[in-house]
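Here's the structure, in structure tokens; my notes come after.
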Amino acid sequence: MTDFRTLFEARRSTAEELAGRVESGWLIGMDAAVAGTPTILAALAERAKRDEVKGVRVQTLLDVYPYAFYADNSLYGKLTGEAWFSGGGARKAVNGGWADTIPNYYRDAPRHIRAGEDYDLFVASVSPMDKHGWFSLGATSSYSLAMIEKAKHIFLEVNDHQPRAVCGAQIHISQVDGLVEVSYELPVLPPTKQDKISQTIGGLIAERIEDGSCIQLGIGAIPDAVGAALKDKHDLGIHTEMFTDSMVELIQCGAVNNSKKQIHRGQSVTTFAFGSQRIYDYIDDNPGIAILPVDYVNDPNVICRNDNMISINAALEVDLWGQVCAESVGTRHMSGTGGQVDYVRGACQSRGGKSFIAFSSTAKDDTISKIKSILTPGAVVTTSKNDVDYIVTEYGVAHLRGESLGSRARQLIAIAHPNFRDELTFEAKKRGILI
Ligand code: COA
262 MTDFRTLFEA
272 RRSTAEELAG
282 RVESGWLIGM
292 DAAVAGTPTI
302 LAALAERAKR
312 DEVKGVRVQT
322 LLDVYPYAFY
332 ADNSLYGKLT
342 GEAWFSGGGA
352 RKAVNGGWAD
362 TIPNYYRDAP
372 RHIRAGEDYD
382 LFVASVSPMD
392 KHGWFSLGAT
402 SSYSLAMIEK
412 AKHIFLEVND
422 HQPRAVCGAQ
432 IHISQVDGLV
442 EVSYELPVLP
452 PTKQDKISQT
462 IGGLIAERIE
472 DGSCIQLGIG
482 AIPDAVGAAL
492 KDKHDLGIHT
502 EMFTDSMVEL
512 IQCGAVNNSK
522 KQIHRGQSVT
532 TFAFGSQRIY
542 DYIDDNPGIA
552 ILPVDYVNDP
562 NVICRNDNMI
572 SINAALEVDL
582 WGQVCAESVG
592 TRHMSGTGGQ
602 VDYVRGACQS
612 RGGKSFIAFS
622 STAKDDTISK
632 IKSILTPGAV
642 VTTSKNDVDY
652 IVTEYGVAHL
662 RGESLGSRAR
672 QLIAIAHPNF
682 RDELTFEAKK
692 RGILI
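Read in order, the letters of the sequence shown correspond to residues 262 to 696 in the working numbering.
Pasting the structure below:
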């Protein structure tokens, strides 16, 4: 029998030594959020600063570590980031012009990866090796397996703080070229601010969710507020892209038991998790949560197999057609499409399903209406007018799917902030949308 411990020792190295093996022109891939490898990437950034490598590209998704290639524009061209979905670092770098972004529906990322160029290196943070030589990819599955298939080399950061997901992606020591043992706590997402507006919106959506529904909650304060408003429900299920704190809370208070799901009954399903230490503790050794590849989890044809599928996501602005922008403020890049459209479509295809896009009616101290006559020039359409379903603000709920342009405009104006309703009505009349 192979002695996996001996293999482990043979591949064990330092971050500096692993970074030293990277060559100019390499393409490096890594998966979402806490799957990142900050120690290896920091050592590589030091090499780039010393001009030892150039033309190295690193792909990220929801960067949650302070990677130097996003923070330091002098690394552009030596070590350059490309974001499948931008976190704070990538957002700044893409807007500054020293990083790039890859437009995609999240469910398609593994397909693009398999069809695209090879990866010279795949890096991942994993939990300690088990007695059979396997490492769990921990809180993230997403597109890791696709990148592993396309990678010429694989380096790991083996972190004893990375949870072991028993129903999640795994990698075997025999596939690995080098590893470094680290021990640092995973980054946590600061709790979102729950103000009166988000609580009102949470309540409006919770009223429309029946016991036994299956939920997806997106990223941001409003989806979290909906989670908080669901604590009195019964027999809810979870099929989501990002597993969040509010979901652990719903499981632990008994509102979620996954008992009514048509697929993965008894189990929550996600493609990655990011939040507090409470989440990572929940995942560890827990067969109650499956962390599966995004081309499966976010496929609308999979999502819709659960009846009463409810998706709840946030947005930055919406026009009178119901076109939703969730990823830019005008031309200023913010994030990405992520799984928003995957879940809007999946929920709307599900028997009894509904999709909610929710946001406060204004931004910047009530000076900007998020409901607009036309989108701000440069705004990117995330969810199209043909996919959109419910739009929710603190002033109410608009149901747009299947409705005429006139009905959409009337409903949206009714849930806009009162200060902007006259102006929106005037614009709609000028364009002949309302008479
Ligand atoms: N005009 C100008 N500024 C606006 C604005 C508008 N219409 N709407 C929001 N802003 C500003 C806010 O004031 C805030 O500014 P600040 O950072 O200075 O406080 C900033 O933009 C972020 O807005 P906020 O509403 O707080 O964002 P959020 O953290 O709740 O995230 C999205 C909202 C839409 C950016 C986020 O949900 C996202 O990236 N979605 C796309 C992907 C998705 O939905 N995936 C689903 C599965 S996870």
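Where is the CB? At the ideal position from N, CA and C, for every residue including glycine.
Buried/exposed call for residue i, threshold 16 Cβ in 10 Å
i: P561; result: buried
i: F383; result: buried
i: D580; result: buried
i: Q672; result: buried
i: Q538; result: exposed
i: E468; result: exposed
i: E655; result: buried
i: G349; result: exposed
i: D542; result: exposed
i: T341; result: buried
i: R368; result: buried
i: G600; result: buried
i: F687; result: exposed
i: R272; result: buried
i: K393; result: The displayed chain sequence assigns His, not Lys, to residue 393. H393 comes out exposed.
i: P299; result: buried
i: I301; result: buried
i: T598; result: buried
Among the options, nearest to residue i - alpha-carbon criterion
i: G591; options: I635, S444, G429, V487; result: I635
i: S285; options: E270, A296, V317; result: V317
i: V649; options: A689, Q584, G667; result: Q584
i: T461; options: C475, A482, T531; result: A482
i: F265; options: F346, W345, M390, P364; result: M390
i: V657; options: V642, I632, P638, G667; result: In the sequence as displayed, the identity of residue 657 is Gly instead of Val. When each option's Cα is compared against that of G657, the closest is I632.
i: D627; options: I458, T275, F687; result: I458
i: D333; options: V314, W359, T321, V319; result: W359
i: V692; options: P451, G667, L491; result: The displayed chain sequence assigns Arg, not Val, to residue 692. For the residues P451, G667, L491, the minimum Cα distance to R692 belongs to G667.
i: I573; options: S665, G536, I466, S405; result: I466
i: Q431; options: Y404, L695, R669; result: Y404
i: V602; options: G479, G338, T643; result: T643
i: P327; options: G338, Y337, K315, A351; result: A351
i: I480; options: M503, D556, R469; result: M503
i: I564; options: G663, C609, V295, I434; result: C609
i: N647; options: G527, D438, V605, P371; result: V605
i: R370; options: K392, D556, I524, F330; result: At residue 370 the sequence reads Ala, which differs from the Arg that was named. Taking only the C-alpha atoms, the option nearest A370 is D556.
i: V453; options: E270, G464, G536; result: Rather than Val, the amino acid found at residue 453 in this sequence is Thr. The residue with the shortest Cα to Cα distance from T453 is G536.
i: V653; options: T637, G600, I676; result: I676
i: P448; options: R282, G614, V295, F687; result: V295
i: G463; options: A575, C428, Y337; result: A575
i: E378; options: G290, Y331, V509; result: G290
i: L450; options: I540, I415, A385; result: I540
i: I415; options: D456, V283, S596, V530; result: V283
Contact set for residue i: own chain, Cβ-Cβ below 7 Å, skip 5 residues either direction
i: D545; result: P424, R425
i: D421; result: P389, S444
i: T623; result: I629, S630, K631, H678
i: Q513; result: none
i: V641; result: C586, E588, S589
i: S507; result: L478, D485, G488, A489
i: I374; result: Y404, A407, M408, K411
i: G357; result: N334
i: K494; result: I470, D472, A516
i: F269; result: M390, I434
i: S645; result: Q584
i: E578; result: C586, K631, K633, L636, T637, A640
Own chain, CB closer than 6 Å to residue i, minus 5 neighbours either side, in chain order
i: D381; result: W287, L288, K413
i: V364; result: Reading the sequence as shown, one finds Pro at residue 364 and not Val. Here the set comprises nothing.
i: R682; result: I674
i: L322; result: A293, W345, F346
i: D324; result: G348, G350, A351
i: G639; result: G591, T592
i: T532; result: S402, S403, E502, V555, V558
i: A304; result: A276, E277, A280
Sequence-distant residues of its chain with Cβ nearer than 8 Å to residue i (five each side left out)
i: V355; result: A344, S347, D361, T362, H594
i: V387; result: F396, S397, L398, G399, L417, E418, V419, N420, Q423, I432
i: I694; result: L581, L666, G667, A670
i: K492; result: E510, L511, C514, A516
Within the chosen definition, does the region 493-503 reach the region 513-524 through at least 3 CB pairs nearer than 8 Å?
yes
Between the region 612-625 and the region 548-557, are three or more C-beta pairs nearer than 8 Å?
no
Indicate whether the contact test is met: 3 or more Cβ pairs, each with one atom in the region 388-400 and one in the region 300-313, closer than 8 Å.
no
Using 8 Å as the threshold, is the region 466-477 in touch with the region 558-574, meaning 3 or more CB pairs across them?
yes
Three-pair Cβ contact test at 8 Å for the region 434-443 versus the region 270-282:
Three or more pairs of CB atoms, one per stretch, sit closer than 8 Å, so the region 434-443 contacts the region 270-282.
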